[in-house]
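Residues in the sequence shown are numbered from 1 upward in steps of one, following UniProt numbering.
All residues carry an ideal CB built from backbone N, CA and C; glycine is no exception.
Everything on this sheet refers to the single structure shown next.
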Amino acid sequence: MQTVTVLGATGSIGCNTLDVIARHPDAYRVFAITGHSQLELLMQQAKVCSPRYVVLADESRYQEAKALASEYGVTADILCGPAALEDVASAGEVDIVMAAIVGGAGLLPTLAAVKAAKKVLLANKEALVMSGALFIDAARQSGASILPIDSEHNAIFQCLPQDFNYGDLAGSGIHSILLTGSGGPFRTRDLSTFADISVEEACSHPNWDMGRKITVDSATMMNKGLEFIEACWLFGLATEDITVVLHPQSTIHSMVQYVDGSVIAQLGHPDMRTPIAYGLAWPERIEAGVAPLDFSQLADLTFDTPCPERYPNLQLAIDACKEGQAATTRLNAANEVAVEAFLNGAIRFTDIARVNQDTLNKMEPLTVSSLQQILEQDRAAREVAQQITRGLT
Ligand code: NDP
Ligand code: MG
């Protein structure tokens, strides 16, 4: 029996994780679940999965959470605040931590799990983008296993040789990594209408059902940019080792191209329960509630190259990745501010890339390595991005 903490249980990945866990009551027990704003859902989940702890990130709602817990008959201890998130991610009883808080808010609890040598199922890509080398070094030092949950990285992980030596593509007979992306809802939309894209349009992904932030990131392809950076860190790749391939059907989740001309791909329905189940059970496999692919029903699988004018955020992310840690931390921070402003109706869709670019341009190049420096760059970039955003509103 493995004990699991689900950080971000009330989100899209969190709900899918609890769904997979519920299918295997003899294999997994939930130790703690965490949420932020969706208190009722958090208590409903607690009622079903009976964790020891229910953690609310937002301290100001502690009394409300206590009252709701007793109304729902939840017997778990109710904890609040950032320190509690780190506690349930690193507690001695915990074997597996699903890191599924969205954005930079997930960095410290995810790092706590890494430092405590947990098996970390990494959905929260922003944590790795923000802290890169520090995150990977912490895992090496503690012996934590990082299992990629992002579907592309999970696919790459499944297509790599078993004895893959991280950072040594040539020695592993690998030519390159092909990172696939659907291109989002605006792949064929007339470019001259991009400034008019509504929140509702940007929040409806053609293939995946996800949280709002990552859905907007998919529409701008910043998501692919963050994934590009994520892949560099996870697999020890250089930027020239990765090619982004548009694949609108989201059936192939990514591929590894070998020097002999072979390409190994991982296919499946666009359902996050597949990578989640893979991460939970690795190196075994378990049932995930996902129907088998029916090849007689599959439409054509098509491929294309992303157009830079349509997806300026993708190139921004690749350039930041080449530049270094300060640039990727700042870009992630700016993008979180810009996406939130877009979701709140304060800026236009096309302003997201503008806020990101202008934030990077306004800040001097810098070398960062410590957690304190990273958090400081995150804070400073958010401030710059907010100023730029206010100017656009
Ligand atoms: P959601 O927005 O659906 O869920 C986010 C979770 O984080 C919720 O539990 C939310 O709580 C919690 N949360 C939000 N803000 C804070 C905060 N300040 N402090 C603590 N907790 C907070 O996102 P997704 O599930 O879609 O994505 C989660 C992560 O996984 C992201 O990093 C995303 O990039 C990554 N990912 C997601 C995929 C998907 O298919 N959804 C695919 C690949 C990666 P509440 O809802 O209660 O406010
Ligand atoms: Mg992905």
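query, result
"DSSP state of H153 mapped onto helix, strand, coil", "helix"
"Chain-ordered residues, beta carbon under 6 angstroms from a heavy atom of the ligand ATP", "This structure simply doesn't include the ligand ATP; it includes the ligand NDP and the ligand MG instead."
"Exposed unless 16 or more other CB atoms sit within 10 angstroms - verdict on R330", "buried"
"Check: M210 C-beta below 7 angstroms from any heavy atom of the ligand NDP", "yes"
"3 or more residues per run - each beta strand (DSSP E) lying fully within the region 206-264", "242-246, 252-258"
"For R29, the first and last residue of its enclosing beta strand (DSSP E)", "28-35"
"Pick from A326, E336, V114, I352 that is closest to E376, judged by C-alpha positions", "A326"
"Start and end residues, alpha helix (DSSP H) containing S142", "125-142"
"Inter-residue Cα distance where the pair is A170 and D241", "10 angstroms"
"Endpoints, beta strand (DSSP E) assigned at D77", "77-80"
"Sequence-distant residues of its chain with Cβ nearer than 6 angstroms to W233 (five each side left out)", "L128, G132, I136"
"I149 beta carbon less than 8 angstroms from that of G8", "no"
"K119 burial status per 10 Å Cβ neighbour count (16 or more: buried)", "buried"
"Host beta strand (DSSP E) of P365 (start-end)", "Run containing P365: none; DSSP gives neither H nor E here."
"Between the CA atoms of A320 and D300 - distance to the nearest angstrom", "34 angstroms"
"Those runs of the alpha helix (DSSP H) which lie wholly inside the region 80-104 and span at least 4 residues", "82-90"
"Between the CA atoms of R52 and I33 - distance to the nearest angstrom", "9 angstroms"
"Euclidean distance between Cα positions of V290 and R23", "12 angstroms"
"Boundaries of the alpha helix (DSSP H) in which residue 399 is found, first to last residue", "The requested residue 399 is not part of the displayed model; the chain covers only 1 to 393."
"Other residues of its chain near H175: CB distance less than 7 angstroms, five sequence neighbours each side excluded", "Q257, Y258, V259"
"Close-in-space but distant-in-sequence residues of the same chain around I252 (CB under 8 angstroms, 5 per side omitted)", "A155, T180, A265, Q266, L267, L301"
"Cβ pair T94, F31 closer than 8 angstroms", "According to the sequence provided, residue 94 is Val. The question's Thr does not apply to it. For V94 and F31, yes; Cβs fall inside 8 angstroms."
"Beta-bridge pairing of P148 - partner residues as DSSP gives them", "L122"
"Span separating the alpha-carbon of I352 from that of L343", "11 angstroms"
"Presumed contact (8 angstroms Cβ cut-off) between T359 and V384, rounded CB distance", "5 angstroms"
"Continuous alpha helix (DSSP H) stretch holding Q386: start and end", "371-392"
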